[in-house]
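J.: Numbering (our numbering), first residue to last: 1396 to 1626.
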């Protein structure tokens, strides 16, 4: 059972690959791979007709693309598994008797529209639900504090974790448990398998943060649980 084990513990972080992002990346990658398979298949047939022989270099490239398509399917399965584990963990916490519980989600309401199972669970179990980036100008409006339009997507991450900590302090009130669901790149000891494997579809720049440490600096006791999947 995933719980904050110490009496004074206020915050449990569930660090994960965001299932919505995994789904979007898998579909994007699958589309690109499909186009490449079609192109390579056309070249293979053309070479076969012209020379009567199978071009082994093209065949190897096709095999590589097929392997990557399998990885895309695995990514979709991983997203599904993470969604199930999120609900499982929240259900475990919700069963604690006479406890006030608040759940924090990375992003704003729109960014979490594809996660109705968490919204429904929060409503059903009477859990307070807070979106960490609600009111974050950089995230929602793509402008900085002076109204300047951001030039690069990574600028969204500037002071983002500080915004989250402030938002938590504003809304945590007298909760007995706070469950914070964020991306794995916002906690320590983070390894990005997706960025390493899918370089052609992943952002070139990443922001590895220390969200858990920033919470500790404010006096909170924090435990981090990494949601993993078989993929």
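Ideal Cβ placement from N, Cα and C applies to all residues, glycine included.
On the CB-based measure, 16 or more other CB atoms within 10 Å of its CB, does residue 1454 come out buried or exposed?
T.: Against the chain shown, residue 1454 aligns to sequence position 59. Exposed, by the Cβ-count rule.
J.: Jot down the residue ranges of each uninterrupted alpha helix (DSSP H) in the region 1467-1520, minimum 4 residues, whole runs only, in chain order.
T.: Correct list: 1511-1520.
J.: Rounding to the nearest angstrom, what Cα-Cα distance links residue 1561 and residue 1460 in this structure?
T.: Here residue 1561 corresponds to residue number 166 of the chain shown, with the count starting at 1. Here residue 1460 corresponds to residue number 65 of the chain shown, with the count starting at 1. In a straight line, the C-alpha of residue 1561 is about 45 Å away from that of residue 1460.
J.: Going by C-alpha distance, which of 1558, 1418, 1514 and 1522 is nearest residue 1534?
T.: Taking the first residue of the chain shown as 1, we reach residue 1534 at position 139. It is 1558 whose Cα lies nearest to the Cα of residue 1534.
J.: Determine contact between the region 1472-1484 and the region 1492-1503, defined as no fewer than three beta-carbon pairs at a distance below 8 Å.
T.: With a cut-off of 8 Å, the region 1492-1503 and the region 1472-1484 do not count as touching, because too few Cβ pairs lie within range.
J.: Which residues mark the beginning and the end of the alpha helix (DSSP H) in which residue 1573 is found?
T.: The count along the chain shown starts at 1 and reaches residue 1573 at position 178. That residue, residue 1573, is in no alpha helix (DSSP H); its beta strand (DSSP E) goes 1572-1578.
J.: Could you pull the start and end residues of the beta strand (DSSP E) that residue 1366 belongs to?
T.: There is no way to answer for residue 1366, as the model of the chain reaches only from 1396 to 1626.
J.: Applying the criterion that 16 or more other CB atoms from any shown protein chain within 10 Å of the CB defines a buried residue, is residue 1621 buried or exposed?
T.: As a first step, residue 1621 is located in the chain shown; it is residue number 226 there, counting from the start. Residue 1621 should be labelled exposed.
J.: List the DSSP bridge partners of residue 1620.
T.: Taking the first residue of the chain shown as 1, we reach residue 1620 at position 225. BP columns for residue 1620 point to 1409.
J.: Whole angstroms is fine: what's the gap from residue 1470's alpha carbon to residue 1438's?
T.: Indexing the chain shown from 1 puts residue 1470 at position 75. Indexing the chain shown from 1 puts residue 1438 at position 43. In a straight line, the C-alpha of residue 1470 is about 29 Å away from that of residue 1438.
J.: Is residue 1409 closer than 8 Å to residue 1513 when the C-beta atoms are compared?
T.: If you number the chain shown from 1, residue 1513 lands on position 118. If you number the chain shown from 1, residue 1409 lands on position 14. No, the Cβ-Cβ distance between residue 1513 and residue 1409 is not below 8 Å.
J.: Three-state secondary structure (DSSP) at residue 1598?
T.: Locating residue 1598 in the chain shown gives position 203, where the first residue counts as 1. With a pLDDT of 49 at residue 1598, under the threshold of 50, the modelled position of this residue cannot be trusted, and the question is left open.
J.: Can you look up residue 1606 in the DSSP assignment and give me helix, strand or coil?
T.: Sequence index remark: in the chain shown, residue 1606 carries index 211 (1-based). Helix.
J.: For the 8 Å Cβ check, are there 3 or more pairs between the region 1489-1498 and the region 1514-1532?
T.: Because the criterion of three Cβ pairs below 8 Å is met, the region 1489-1498 and the region 1514-1532 touch.
J.: Can you check which of these residues, 1569, 1605, 1625 and 1508, is closest to residue 1416 by C-alpha distance?
T.: On the chain shown, position 21 is the one that residue 1416 refers to. Of the listed residues, the one whose Cα sits closest to residue 1416 is 1508.
J.: Closest by CA to residue 1506, which one among 1609, 1619 and 1414?
T.: If you number the chain shown from 1, residue 1506 lands on position 111. The shortest Cα separation from residue 1506 among 1609, 1619 and 1414 belongs to 1414.
J.: For residue 1553, does the three-state DSSP call read helix, strand or coil?
T.: Numbered from its first residue, the chain shown carries residue 1553 at position 158. DSSP places residue 1553 in coil when its eight states are reduced to three.
J.: Just verifying my parser: in three-state terms, what is the DSSP assignment at residue 1625?
T.: Taking the first residue of the chain shown as position 1, residue 1625 is located at position 230. Residue state, collapsed to three classes: coil.
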